[in-house]
Amino acid sequence: MSDVSATMDFRRRDASDKLQGRTRYTVDRYLPGMLHAAVLRADVASGRILKLDTSRAARMPGVRAIVSTADAPGMIGIGIADHPLFARDVIRYNGEPLAAVAADTLAQAQAALAAIEVEIAPTTPLLTMADALAPEAPLIHPDWESYEVLLPGAARGSNVAWEATVVRGDVDAAFTRPDVVVVDSSFRVGRQNHVAFEQRAVVAAYEDGRFHIETSTQVPWTIRNATARLLGVSPAQVRVTVPPVGGGFGLKFDLAIEPFAALLARKSRRPVRLVNSREEEMLTCLFRENAEIRIRSAVTRDGDIVGREAVVLMDCGAYGGEQIFLTTMTAHTLGGNYKLGSARLVSRAVYTNTAPNGAFRACNGVYNTFALERHTDEIAARLGMDPLAFRRRNVLGDGDLGATGQTFEGDVLGPMLDRMAEMRPSTPARQIGSDGRLHGRATTVGTWFVFVGPSAATVNMNADGTATLVTSGVEIGSGSMMQGLPQIVAATLGLDPANVIVRAADTDAAGYDVGVGGGRTTVSLGAASLSAAQEVRAKLLKVASEMIEAAPEDLVLRDGRIEIAGAPGSGRTIVEVATRAQATFGPVSGTGAFTGGTVPSMPGCAAGHFIEAIEIPVFAVHDCEVAVDPDTGHVEVLSYRVVQDVGRALNPRAIRGQIQGGVTQGLGYALHEEVTIGSDGRVCQTGFETYRVPLALDVVPVEICLHEGAPSKGPLGTKGAGEVPILNVGATIACAVANATATRVQELPLTPPRVLGLMLGRTPELAFPHISDRWSDNLVRPHGASES
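Numbers 1241 to 2028, taken from this note's numbering, label the letters of the sequence shown in order.
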């Protein structure tokens, strides 16, 4: 296989249809005799269900089926099974499902919802983490101890759904050294909505004792298994297929509305379509969670970080969900940039009476990078050091230890910082423009990682010289399924990537896969696809060697031919070889699987973690210049630069597109997107009129450098490139605004009122009384236990 043939700017085959509106997403699916579904949701944040009577609704015109909690006996979750499909006796958030209806028309289904008789006795909700962590706070899950624990070992208790901790080295000794400066910083971030253009949607049917679920998802196997668990059936009774997906960003990395449609399809014996309205999508979106972060560092006056401790509180909403898993990320996003002599970190997912939160592009990393890089600037200021020089001195290099004690390979961040120093103009960190605006510049670093996990692939070699790739991978817009995987298979088999057909995900046809997200598609599915293609290649070479009368090791596959190496034009076409192979031995196919290797961490260092060490780290260096209007607080981003570690760039143009998109999405998080929750626990932003996302005029062209050559276990040396571009954006803009305004930026987003308040001194310093100065006080205790 030629290394050169794997690297090219291969255009997306789905681009034309998507641009011209011909692509049929799940929201476009219609089946004969299909019913329309709607979900009844609670309108209080906390309460007890006194009555739920669906008898009158069942007699409404067009109604074919109604389901509620009795129809879904199971509980699901990640780490702990704490989440029922419908509220059971207790309401835990405003918007929690109570029942679902299927009718001939959507209007009839909605009319039936209005006819359901509901009585709820409201109770006082706990809408903030401070409320939930108060000593006498009531339990949002009084029966939390009875929940099935799916990953033993983590601390749980009271309104803390999950806790992950890291302790490496003697942190107490580091903070009591006489030669250190202690810097203490606190930060807060709000929720962010994914705003995928295609709402969550599903069409479900029930035939021959099996469910067929067509859905807009990133995780077909998760949908299969979780739906089966909720409905109390075998996973083998559920088939999931995935049409083109209109954006995910992590929103569709979990179960959503699929079980409602499946239940209604079984009860009505008709196909059922359920699509969230935009308002439902906004109110029940699995937001990027709001969080509170406190970091303390002990640093020598020469600039060495000898100790660090941090507490990260993550609001998981009413149920643990993805936040249980995301507590793991803190160890790697707060502990993966810099060399630390010792580290002590705690990450806690906290129950509140709000809509559940979930994964969002570079989940957990975006706000931890913001907190860490602002903290780093505050350290540099205390020491009187140049922030860039401090970073260059302390970034992780070859042989350095991460927070959990894993050993990093390669010197990556240092050269990337050097490259950024060459790209950025030598303007001061702070200056006043000719128009009176305050200009600021900042450079930040960030560490992400590819979540590997198991994947499977099959490659079928067709007699016409094309290959079909069968996986459970889903194209969510990143291009991996349309570009990266076809390039890997094509390079292995000597084909044009356009001749590699990628089959849509179908759990009946393809093997298990964790799902598309975390930058894992090109790495995990790519490795499985490479393995499958190599098996096909070996079979073709064996047949070709007999046809050409040459040893297999003397043959090469290129440009649709199998030839003797060094003799262009010799040999046979792949069509001829594939046809002979099929006639002689039967169809030619290969299978591959991948799950990654084990990277050791320090034994006993981490507790409650799903991933104790990161197999494929991905690094990023960002730089930007901003201008702040001192009269309005408006922030304009003047320039933006990115140096991104890509391992090896299979398709440089596609990666650059991902970086431009990720930076733009990050601008929204940094400057515009703010979610507020009312006193009734309801999200106040219900549509695009009230939720500000970046517009065309907000887009800033990004100057990009792709850093290649860093170690990677990915196929052909690749790393995931779609997740990390958003990682540093909030951090970089916040540091630049802090430099421009000479203020202490502790909170995102930096909306004009917030920035103006900073400059006018009207924004108080953040303090979180529920995050204690004493490390031991920040650990989980059972509800009602006294302090020792």
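We treat Cβ as the ideally placed atom computed from N, Cα and C, and that holds for glycine. The structure presented is a predicted model; accordingly, all values stated were derived computationally and were not measured.
**Asked** Taking DSSP as the reference, what is the three-state secondary structure of T1467?
**Response** helix
**Item:** Proximity to N1433 [Cα-Cα], best of V1923, R2014 and P2009
**Value:** V1923
**Message:** With DSSP as the reference, identify every bridge partner of Y1333, one or two as the case may be.
**Reply:** Answer by DSSP bridge pairing: none, since Y1333 is not bridged.
**Prompt:** How would you write the range of the beta strand (DSSP E) that F1859 sits in, first residue to last?
**Reply:** I1856 to V1868
**Request:** Scan the region 1435-1522 and note each continuous beta strand (DSSP E) run of 3 residues or more that stays entirely inside, going in chain order.
**Result:** 1441-1447, 1450-1455, 1478-1481 and 1512-1515
**Message:** Taking contact to mean 3 or more Cβ pairs, one atom from each stretch, closer than 8 angstroms, check whether the region 1525-1545 and the region 1811-1822 are in contact.
**Reply:** no
**Request:** For V1303, I'd like the list of residues in its chain whose CB is within less than 7 angstroms of its CB, leaving aside the five on either flank, ordered along the chain.
**Result:** A1297, V1341, A1343, Q1348 and A1352
**Request:** Measuring alpha carbon to alpha carbon, tell me which of P1870, I1306 and R1601 ends up nearest H1679.
**Result:** P1870
**Proximity below 9 angstroms, CB of L1373 to CB of L1553** = yes
**Prompt:** What did DSSP end up calling H1679 once you bin it into helix, strand or coil?
**Reply:** strand
**Request:** Please state if the CB of A1436 and the CB of L1523 are separated by a distance shorter than 9 angstroms.
**Result:** no
**Request:** Compare the beta carbon distance of R1288 and I1360 with 9 angstroms and say whether it is the shorter of the two.
**Result:** yes
**Message:** According to DSSP, simplified to helix, strand and coil, what is R1893?
**Reply:** helix
**Asked** Roughly how many angstroms separate the alpha carbons of V1933 and H1572, rounded to a whole number?
**Response** 29 angstroms
**Message:** So if DSSP puts N1597 in a beta bridge, which residue, or which two residues, is it bridged to?
**Reply:** F1527
**Request:** Give the range of the alpha helix (DSSP H) segment to which F1326 is assigned.
**Result:** Here F1326 belongs to no alpha helix (DSSP H), and DSSP marks it neither H nor E.
**Asked** If you draw a straight line from the C-alpha of E1203 to the C-alpha of R1252, how long is it?
**Response** Residue 1203 lies beyond the stretch modelled for the chain, which goes from 1241 to 2028, so this question has no answer here.
**Request:** Specify, as a first and last residue, the run of the alpha helix (DSSP H) that V1995 falls within.
**Result:** P1992 to M1999
**Asked** Taking the alpha-carbon positions, what's the C1864 to E1913 distance?
**Response** 19 angstroms
**Request:** Would you check if the region 1576-1594 and the region 1547-1565 touch, i.e. whether three or more CB-CB distances between them fall below 8 angstroms?
**Result:** yes
**Request:** Reducing DSSP to helix, strand and coil, say where T1616 ends up.
**Result:** helix
**Backbone secondary structure at R1253 - three-state DSSP** = coil
**Asked** DSSP on V1729, reduced to helix/strand/coil?
**Response** helix
**Asked** Taking the alpha-carbon positions, what's the G1809 to V1796 distance?
**Response** 11 angstroms
**Sequence-distant residues of its chain with Cβ nearer than 6 angstroms to V2020 (five each side left out)** = A1395, G1397, V1400 and E1403
**Message:** Is it the case that the region 1855-1863 contacts the region 1734-1741, given that we only count it when at least three CB pairs across the two stretches are under 8 angstroms?
**Reply:** no
**Prompt:** In terms of residue numbering, what span does the beta strand (DSSP E) encompassing V1423 cover?
**Reply:** V1420 to V1429
**Asked** Going straight from the alpha carbon of T1711 to that of V1480, what length do you get?
**Response** 13 angstroms
**Message:** Measuring straight from C-alpha to C-alpha, what distance separates R1431 and E1532?
**Reply:** 11 angstroms
**Request:** Could you tell me the distance, in whole angstroms, from the CA atom of R1888 to the CA atom of V1969?
**Result:** 23 angstroms
**beta strand (DSSP E) segments (min. 3 residues) lying fully within the region 1751-1803** = 1795-1798
**Request:** Out of L1346, T1345 and D1329, state which residue places its alpha-carbon closest to the alpha-carbon of H1338.
**Result:** As written in the sequence, residue 1338 is Leu, which differs from the His given in the question. Measuring from the Cα of L1338, the nearest candidate turns out to be D1329.
**Item:** Run of the beta strand (DSSP E) containing F1834, from where it starts to where it stops
**Value:** V1828 to F1834
**Message:** So, for A1620: in the same chain, excluding its five sequence neighbours on each side, which residues have a beta-carbon less than 6 angstroms away from its beta-carbon?
**Reply:** P1627 and F1630
**Asked** Which class does N1634 belong to by DSSP, given the choice of helix, strand or coil?
**Response** helix
**Item:** Exposure of S1474, with buried meaning 16 or more beta-carbon neighbours within 10 Å
**Value:** exposed
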